[in-house]
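Colleague:
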Amino acid sequence: MPLEHSHTPKDIQKRLSEGPHISYLRDWVYGGIDGAVTTFAIVAGSLGANLSTQIVLILGLANLLADGFSMAAANFSGTKTEEEDYRRLRGVEEKHIRLEPDGEREEIRQIYMAKGYGGEELETLVTIITSHRQTWIETMMQEEYGLAAIRRSPLKAAGATFAAFVICGSLPLLPFVFGMNASGTITTALTACAFFLIGSIKARWSTQSWFSSGAETIAIGMSAAGIAWLVGYLLHDLLA
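The sequence shown begins at 44 in the numbering used here and counts up by one.
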């Protein structure tokens, strides 16, 4: 089985100098699935209520832009809040190290004691970590609060969510835009393909098989659409 990357000294130095890779995969997956699910759910509900093509397009486009922007804004705010919380907690650790260094050294000692270190080895490790201020702070951030030094950009996270939402969410509307016959059937097929593709691509970064991940995503999406169609169908009958 081939390795994921080279381990020659030159390649290692180059890879580490570039710094850790910041992934926005979850933002793409989240936006893509939600965009396809919500737009298809609206289409399915509209078809269940026997609404016209024009109404389906109006409701679908309104959802595509408004809900997509709403999700992007929420992701921006959430990611920004995480960044602000990281800075707040880092400030707390910097203050504690400045005012109570012995207590912070004891925290490092107990953290690594819990990991199985002891005796002279433990004391050497504590001395090494606490002799470098940045390493000391980053160690506390990761070990005490579970926060990594790598930070995600709120703007990029929001942009990824919005782009994925619009791209995947537009698929259920394509048959209605081009006036295709049997739009409901074509829409269902297109959206199912989108769900499966999203799930299959997502599997590349997980231990789940591409087929299993794709099938799982289809099940989630079609369940949401089925509920929306049923609500639309029942309301149409009640209001008819």
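Think of the CB as a built atom: it goes at the ideal place given N, C-alpha and C, for glycine as much as any other residue.
Please read all numbers here as calculations on a predicted model, not as lab measurements.
Count the other CB atoms, across all protein chains shown, that sit within 10 Å of the CB of Lys245; report buried if there are 16 or more and exposed otherwise.
Modeller: Buried.
Colleague: Just to confirm my understanding: we take Arg148, look at its own chain, exclude 5 residues before and 5 after, and list those with CB closer than 8 Å. What are they?
Modeller: Cβ neighbours of Arg148 beyond the five flanking positions: Val169, Thr173.
Colleague: Please list the segments of the alpha helix (DSSP H) lying wholly inside the segment 101 to 180, counting only runs of 4 or more residues, in order along the chain.
Modeller: Listed in chain order, they are 144 to 157, 162 to 173.
Colleague: Using a Cβ-Cβ cut-off of 6 Å (strictly less than) and excluding sequence neighbours within five positions of Ala271, which residues of its own chain qualify?
Modeller: Cβ neighbours of Ala271 beyond the five flanking positions: Ala84, Ala87, Gly88.
Colleague: For Pro197, which residues of its own chain have a beta-carbon under 7 Å away from its beta-carbon, when the five flanking residues on both sides are left out?
Modeller: Only Phe119, Thr122, Lys123, Glu126 meet the Cβ criterion.
Colleague: With 16 as the cutoff for other CB atoms within 10 Å, does Thr82 come out buried or exposed?
Modeller: Buried: at least 16 other Cβ atoms inside 10 Å.
Colleague: Taking the Cβ atom as the reference point for each residue, do Gly111 and Phe205 lie within a distance shorter than 7 Å?
Modeller: Contact: yes.
Colleague: Between the alpha carbons of Phe221 and Ala232, how many angstroms are there, rounded?
Modeller: Rounded to whole angstroms, Phe221 to Ala232 spans 16 Å at the Cα level.
Colleague: Would you be able to state if there are at least three C-beta pairs under 8 Å between the segment 180 to 191 and the segment 88 to 105?
Modeller: Segments in contact, no.
Colleague: Quick one: what's got a C-beta closer than 6 Å to Thr260's C-beta in the same chain, skipping five residues either side?
Modeller: Contacts found: Phe238, Ile241, Gly242.
Colleague: What number of angstroms, rounded off, separates the C-alpha of Ser213 from the C-alpha of Trp71?
Modeller: Approximately 15 Å between the Cα atoms of the pair.
Colleague: For Asn291, which residues in the same chain have their Cβ closer than 8 Å to its Cβ, ignoring the five residues on either side in sequence?
Modeller: With the chain covering 44 to 283 only, the question about residue 291 has no answer from this structure.
Colleague: Pop quiz: Met184 and Glu136 are said to be a contact at Cβ under 8 Å. What is the actual Cβ separation, rounded to whole angstroms?
Modeller: That pair is a contact at about 6 Å.
Colleague: Looking at the unbroken alpha helix (DSSP H) that takes in Arg69, where does it start and where does it end?
Modeller: Start and end: 68 to 91.
Colleague: Could you name the residues of the same chain whose beta carbon sits closer than 6 Å to that of Ala201, not counting the 5 residues immediately before and after it, in chain order?
Modeller: Answer for Ala201: Ala115, Asn118, Phe119, listed in chain order.
Colleague: Compare the Cα-Cα distances from Pro218 to each of Glu181, Tyr276, Ile229 and report the closest residue.
Modeller: Ranking Glu181, Tyr276, Ile229 by Cα distance to Pro218 puts Ile229 first.
Colleague: Residue range of the alpha helix (DSSP H) that Leu94 falls in?
Modeller: Unbroken run through Leu94: none, as it is neither H nor E.
Colleague: Terminal residues of the continuous alpha helix (DSSP H) containing Gly212?
Modeller: Where Gly212 is concerned, the enclosing alpha helix (DSSP H) stretches over 197 to 213.
Colleague: Ordered along the chain, which non-local residues of its own chain (more than five positions away) have a Cβ less than 6 Å from that of Trp253?
Modeller: Around Trp253: Ser243, Ala246.
Colleague: For the alpha helix (DSSP H) that Leu217 lies in, which residues bound it at each end?
Modeller: Leu217 -> alpha helix (DSSP H) spans 217 to 220.
Colleague: With a Cβ-Cβ cutoff of 7 Å, do Ala207 and Gly75 count as a contact?
Modeller: Yes; because the gap between Cβ atoms is below 7 Å, this pair is in contact.
Colleague: Taking DSSP as the reference, what is the three-state secondary structure of Leu277?
Modeller: Residue state, collapsed to three classes: helix.
Colleague: How would you label Trp248, buried or exposed, when you count the other beta carbons within 10 angstroms and need 16 or more for buried?
Modeller: The residue is exposed, with fewer than 16 neighbouring Cβ atoms inside 10 Å.
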